[in-house]
Structure formats: structure tokens, C-alpha cells
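If you count by the numbering used here, then the sequence shown holds residues 274 to 991, one letter each, in order. Built from N, CA and C at the ideal position, the CB exists for glycine as well. On a predicted model such as this, the values are computed, not experimentally measured, just so you know. Shown next, in C-alpha cells, is the structure this report addresses.
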Amino acid sequence: KLHSDLDKGVGTVKYTLSGDGAGTVFTIDETTGDIHAIRSLDREEKPFYTLRAQAVDVDTKKPLEPESEFIIKVQDINDNEPKFLDGPYVASVPEMSPVGAYVLQVKATDADDPTYGNSARVVYSILQGQPYFSIDPKTGVIRTALPNMDREVKEQYQVLIQAKDMGGQLGGLAGTTTVNITLTDVNDNPPRFPKSIFHLKVPESSHVGSAIGRIRAVDPDFGKNAEIEYNIVPGDGGNLFDITTDENTQEGVIKLKKPLDFETKKAYTFKVEASNLHLDHRFHSVGPFKDTATVKINVLDMDEPPVFSKPMYTMEVYEDTPVGTIIGAVTAQDLDAGSSSVRYFIDWKTDVDSYFTIDATEGTIATNELLDRESTAQYNFSIIASKVSNPLLTSKVNVIINVLDVNEFPPEISVPYETSVCENAKPGQVIQTVTAADKDLSPAGQRFSFRLSSEASNKPNFTVHDYRNNTAGIETRRNGYSRRQQELYFLPVVIEDSSYPIQSSTNTMTIRVCRCDSDGTILSCNVEAIFLPVGLSTGALIAILLCIVILLVIVVLYVALRRQKKKDTLMTSKEDIRDNVIHYDDEGGGEEDTQAFDIGALRNPKVIEENKMRRDIKPESLRFPRQRPPVEDNTDIRDFITQRLQENDVDPTAPPYDSLATYAYEGNGSVAESLSSIDSLTTEADQDYDYLSDWGPRFKILADMFGEEESYNPDKVT
274 KLHSDLDKGV
284 GTVKYTLSGD
294 GAGTVFTIDE
304 TTGDIHAIRS
314 LDREEKPFYT
324 LRAQAVDVDT
334 KKPLEPESEF
344 IIKVQDINDN
354 EPKFLDGPYV
364 ASVPEMSPVG
374 AYVLQVKATD
384 ADDPTYGNSA
394 RVVYSILQGQ
404 PYFSIDPKTG
414 VIRTALPNMD
424 REVKEQYQVL
434 IQAKDMGGQL
444 GGLAGTTTVN
454 ITLTDVNDNP
464 PRFPKSIFHL
474 KVPESSHVGS
484 AIGRIRAVDP
494 DFGKNAEIEY
504 NIVPGDGGNL
514 FDITTDENTQ
524 EGVIKLKKPL
534 DFETKKAYTF
544 KVEASNLHLD
554 HRFHSVGPFK
564 DTATVKINVL
574 DMDEPPVFSK
584 PMYTMEVYED
594 TPVGTIIGAV
604 TAQDLDAGSS
614 SVRYFIDWKT
624 DVDSYFTIDA
634 TEGTIATNEL
644 LDRESTAQYN
654 FSIIASKVSN
664 PLLTSKVNVI
674 INVLDVNEFP
684 PEISVPYETS
694 VCENAKPGQV
704 IQTVTAADKD
714 LSPAGQRFSF
724 RLSSEASNKP
734 NFTVHDYRNN
744 TAGIETRRNG
754 YSRRQQELYF
764 LPVVIEDSSY
774 PIQSSTNTMT
784 IRVCRCDSDG
794 TILSCNVEAI
804 FLPVGLSTGA
814 LIAILLCIVI
824 LLVIVVLYVA
834 LRRQKKKDTL
844 MTSKEDIRDN
854 VIHYDDEGGG
864 EEDTQAFDIG
874 ALRNPKVIEE
884 NKMRRDIKPE
894 SLRFPRQRPP
904 VEDNTDIRDF
914 ITQRLQENDV
924 DPTAPPYDSL
934 ATYAYEGNGS
944 VAESLSSIDS
954 LTTEADQDYD
964 YLSDWGPRFK
974 ILADMFGEEE
984 SYNPDKVT
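This is the structure:
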């Protein structure tokens, strides 16, 4: 309730309320100033409210007093039960734990005000789970309440825990949670065999390493505490068997260490011990954590394959041994009670080329081909033995045959076959050390001897010095060598071995003479270097050769230009005889006309000699007068033309096409008769030269010439 001293009770004062919850949670009577809660309050939701109140004049609306602030606190009541926020719980404790062993601590929270009354004071108790576990009422710690709880008896426990406020008094609110407790395993139980004797039946044909039976000891523990190790106790037959543990089933797997033979022994007895791998010292007083059982094994008789007398056979034979020679034998027998006969044969997969054969009854091995140690030094194949009574029962054995060497190859010089000697070598200087190699299999202590052949021993150039350790040195016998005199020397070296029969060979070594410096370092061994002056470098030699090539090119170009110039002069000169005959525009005045050409050129022997060779020219398409006055008979001209005509007729170098050869005088009595139309009985009008066009491209120029002349007017010729 709010009240102002200025309020006289006559209704002139009005009260207002503002702040937390004003109008929603709290309201005020404007006339009396009474404050009321208009809804339920929850301390856990909001423990206090801060409000402001003021008194104002009803008429003027002005404050009568300053605004005042006050706090309304919500008083707590026990309206919240304790809650386990982390529940339900899961815990574990080892089995066989003592009383009071810690298991887990639980905690409940109460939303009520812990500072006001006992609303938030919680007390813990067990509603379900006794008498196995107990709980501290104040701290909530759960502990074991019974000793020696056995996991193998009961493993899971469910405990119901209650938390009650008001200190556990009547009327207090309570909450519960569940705790699932598991007893973890400890190795408190030894392994035990369910029976004391195990009987097993094993065929004698069982393979070594195979599993022949299983036994099992029972351990009620769990996990690694139940892991069992099995061992065979030394005793009767225990050395033939072995036992291991199957990690998945914890069974003892008995395996065979050695072959079984029914004919030798029919039964075996031994003891097996089972023990835990991981022991707990707290339970040693219980007794030994192991157990023992007896295993009896009966061997079953089986029809077995033949057995070879040896696991492997090794034989030797000399190479080139005649075909059919017996080199050894294999034996196998049937150890069963029936004792069947045995047959032998070679596994063809291991002897594809059939180098050997075997007697099917006796087992003797013989050669089937000539053997060469240098080709194959060792043969490895298999022989199969089968029982006559049961051919499906077979056994196999490996046979190794070593081919022994026969001394059939002579020794040879190992590379290199070529060496060099300096021009300035001194007598007795070693220029090369040689060794020998033999294709035969050299026995221990094999010796090779070196010497010069008989034809080379008298030459004073080189000698061979045998060091008697399978090497030899090539030594010089002269004081210096000259490449100009002889560049290569061929030295025949004879090598002999010490095997029987003795084999020898002659090996020719090539010795090249080289130019060296004073220290013996080779400078040059090229053949070209012999003829070059000493002191010229490679660059200088290249420069000299380049100059020579340039000079040769200049000379060739000069000669070619001279020939081309001379040819052009002969073809275009007005002094050429044939040109004088072809290039003119009038007929001239006959023999008396000395202006047409120089007749002396025809009589010049030099000109005649120079023009012996036939030269073909391409005539120009000119229009010539068809009629010429007859030329008087001249003996010199006729003889000259006749000689030229004969030379052209028999010249084998004449081109295979028609060419126009011009002459200064046609002559009389020619086989071809006159080529001129002056003396022709027919006129030009009667001549038809169209057939020349049908003779092909070689006569095209001639056809063009006469085709033009047909259009020429003969009336204008004088």
C-alpha cells in the first residue's frame, strides 16, 4: 500500500505505478494506493521486481511528491522437486570387489531457494538395488554393499536412486533416476577341460603341417582373461605333433610336425596342458590356473604312393658322352603291406627336349642326346614313380645332372685385340698387358702360357713376355718406330692351356704406331696426320683446305665463262661461214661478187680444222628469194663441201633430229640432189609444203619457213 502525506482522503490525490511488471504483473488502486498482484508469481522465473510510484494532483496532474522506487521480492515455497540432470547413469565395477568399493556419484539439483528453509535440501536413498549396493545420503556416492560379487553368476544390476528435498521429511518433493551397473571381468577362474581324455583318428597320409584335430578347455572368464595357451607335455609321441591356439574359438589345434607311418607305429599318446595367459595375482591362492588332458591318436592305414630312397638325386656326366650311356639310377619302393611293384617315368614338363631317358622298371637314367656343357651346364628335371597296383598313387623326386667339362676349346686373348705404340718408344717397354679366356670350365689351378708364333719370333719389332700368372706383356724390341714407314704391325700370339688334351690358339694383335709427347701421352693416331707438317693445328689445316676449295671454284667459274663467251661469239659473229650463208637479203652477183663473203675463209686450213665438228643451228624464219644465179664450178669449194658432207654423213655424234646444215656450195651429183628450187622444173606455185606440218614438231621451223614463202610474191624477185 502506498500513501502520501498530502492525501487528506478527499480524492484529490491520484497514485501511479511504473517499472517491472507494472500493469502486467502488478496493478495499483489510483485512489487508495493499494498494490495487487494480478497473476501467479514464480520465484524460479523472477525472484524480484523493481517498481516506481508517484502521487499526482487530480486536477492539475502535477506531482505532489517526487517519484519513489521500491522492490517487491517473491518469497520461495517448495514447489520444485529434485532432478537428476545427468540420469540415467551407467557404471561398472570389477567383480569380486570388496565391500565399499566406489562405483559412481550421482547428483540431483533443486530449483528452490537454498537460502530459505529446507526447500532445496536433498537427501539420497536407494529404492531398488539392495543389498548389493549402498548410497551416501548426502553426497550421492554409490558403493558396493556385498563382497565377492561374481560376474559369472550375475553381470548386470539396475539400481533405482531417489533424491528428496525438505531434508527427506514428510511432505518433501522427490525425484528418481536409474543407475545400470555392470560387473567387469577379472581372471578369477582357471581353464578346465570338459573331459580328461580326447581320442583322435588320423590317416597316415596326412601332410606335415596339416591340422589333425581340435580340443578345447573351458574358461568362464571373458575377454583376455579367457585367453588360453595350449602346450604338449613332453612324453610319448609328443615330438611328432604340435598344438596352437585358435584366437577366435580358443581351441587347441593339433598339427602334424612329422609324417605318420602306419607300418612303423599305429598309435600315439601325449598330454596337453591349458593355461591362462593373463594371470591376476590377487587370485593365486585359488590354485594353479591350468588344467591337463590326455590325447590319444590312432593312425589309420592308407594306400600310399612309393617312397624314393633319397629326397633328391645328383649325378654327373661328361659332355659329348655317347647317346645311351647310363649315368645313374633312382630307386623307390612301396612301403605298404601289399608291397606293389614300382614304375618310373620322366616328367615331360621338366625335360621338354628329352635329353634323358629312364628305364621304367630299373630306374636307370641314360643320355638321349649329346650334351654340351658350354650350352647347358646343368639339367634339372623330375622323375615320377607310380605303383603298379594303383597308378594314381605317384611320388616325385628332383634329379640334378651336372655336365662335366671336356677341354675342347682353345684359350683366346681377352679384349682388346688392338693396342698402340709410341713413335718414341724405347726397347723393353711394355705397351699392353694381355689376359686369356677359355670357354671351357677352367679347373682350379688352370694355367695359360703365352709366346710368339714361330714366324714372328725372328722379327725385331715386338716380343711377348709371359708373367706365368695367366697374363703376359707385349714389349718393344726397337728404339723408336716411324709411322711413315709402317703404321700397323700384326703380332701373332700363341696361347696354350694346361688341361688335357692341351688346346692352343694363335691370336693376332694389331699394334698401331702413334705420335706421343715426351710423357708417353698419345697425341694422334690418324693416318692423315702422318703426312702433315708437325706443328700445324687442326684449325690451320681446315683453313688451308678451305682456301684450296675457293681457288678451285674460281678456276671452274672462269673456264665456264670463257667457254660460254666463245660459244656466243661463234653463234653471233658475222664472220661465221654459215652465218654469211644464212644472214643476207640479196642474192649477190655470183662468183665474181667478192663482197658476199670471203672465199679465203673456206680455203683456210685452220678454219677447216676448227669446223670439223658438226654444229647445228636453228635458222631464223626469214623470207629468202627462191631463185639464185648458178654458181660456177669451183674445185676447191666442191672438194671442201664434199669432205664436210661425208663427215656429217658418218658422224656418230649427230643428233637424232633433223638439223639444217648450210653449205657455201651445193655441188653436183649429190645423192640428195639439189636442195634449191632454182633449177626445179616446177614453179613455186606448184609446190605444196603443207605435208611438213604433219611430220611433227621437229619440222615445225621448216614448215613455218616454207609456209611464209607461199605467201611471198615471186613477181617481185629480180
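- Counting the other Cβ atoms within 10 Å of the Cβ of ASN521 gives fewer than 16, which makes it exposed.
- Between ILE501 and VAL545, the gap from beta carbon to beta carbon reaches 8 Å or more.
- Put simply, the backbone Cα of LYS583 is about 39 Å away from that of ALA710.
- DSSP places TYR962 outside both helix and strand once states are collapsed to three, so it counts as coil.
- Contact between ILE415 and VAL376 holds: their C-beta atoms lie close to 4 Å from each other, under 8 Å.
- Annotation for SER370: THR417 place their beta carbon closer than 6 Å to its own, counting only its chain and skipping 5 residues before and after.
- The criterion of a C-beta distance shorter than 8 Å is not satisfied by ASN498 and LYS539.
- Going by DSSP, VAL923 is part of the alpha helix (DSSP H) stretching over 908-923.
- Contact annotation: ASP494 and ASP438 have beta-carbon atoms that are not nearer than 8 Å.
- In this model, THR634 and ILE527 are separated by some 40 Å (Cα to Cα).
- The criterion of a C-beta distance shorter than 8 Å is satisfied by PRO765 and ALA729.
- The count of Cβ pairs closer than 8 Å, one atom from the region 282-296 and one from the region 325-336, reaches three, so the stretches are in contact.
- When rounded, the separation of the alpha-carbon atoms in ASP409 and THR457 is 23 Å.
- Judged by DSSP secondary structure, HIS472 falls within the beta strand (DSSP E) whose first and last residues are 470-476.
- Three or more Cβ pairs closer than 8 Å define a contact, and the region 345-360 meets that threshold against the region 392-399.
- As DSSP reads the structure, GLY812 sits in no beta bridge.
- The alpha-carbon separation between PHE343 and LEU400 amounts to approximately 48 Å.
- With fewer than three CB-CB distances shorter than 8 Å, the region 694-708 does not count as touching the region 614-632.
- Taking each of GLY445, PRO361, ASN663 in turn and checking the Cα distance to ASP607, the smallest one comes out for ASN663.
- The continuous beta strand (DSSP E) containing PHE514 extends over residues 514-518.
- Cβ neighbours of GLY793 within its own chain (closer than 7 Å, five residues either side excluded): CYS695.
- Annotated three-state conformation of GLN837 is helix, per DSSP.
- Within the same chain, and ignoring the five residues on either side of GLY402 in sequence, the residues whose Cβ sits closer than 6 Å to its Cβ are VAL432.
- Taking the Cα positions, ASP315 is about 20 Å away from SER291.
- When C-beta atoms of the region 732-745 are compared with those of the region 650-658, fewer than three pairs fall below 8 Å, so the two segments do not count as touching.
- Taking a contact as a CB-CB distance under 8 Å, the pair SER365 and ILE454 counts as one, their CB atoms being some 7 Å apart.
- Per DSSP, the continuous beta strand (DSSP E) segment holding LYS437 begins and ends at 429-437.
- Contact between VAL481 and LEU573 does not hold, since the beta-carbon distance rounds to 16 Å and is not under 8 Å.
- Judged by DSSP in its simplified three-state form, LEU818 adopts helix.
- In the three-state scheme derived from DSSP, where H, G and I count as helix and E and B as strand, HIS551 is classed as coil.
- Here PHE735 is not near ILE768, since their CB atoms are 8 Å or more apart.
- By the 16-neighbour rule on beta-carbons within 10 angstroms, CYS787 is buried.
- ALA639 and SER659 have their C-alpha atoms some 20 Å from each other.
- Around the C-beta of SER313, fewer than 16 other C-beta atoms lie within 10 Å, and the residue is accordingly described as exposed.
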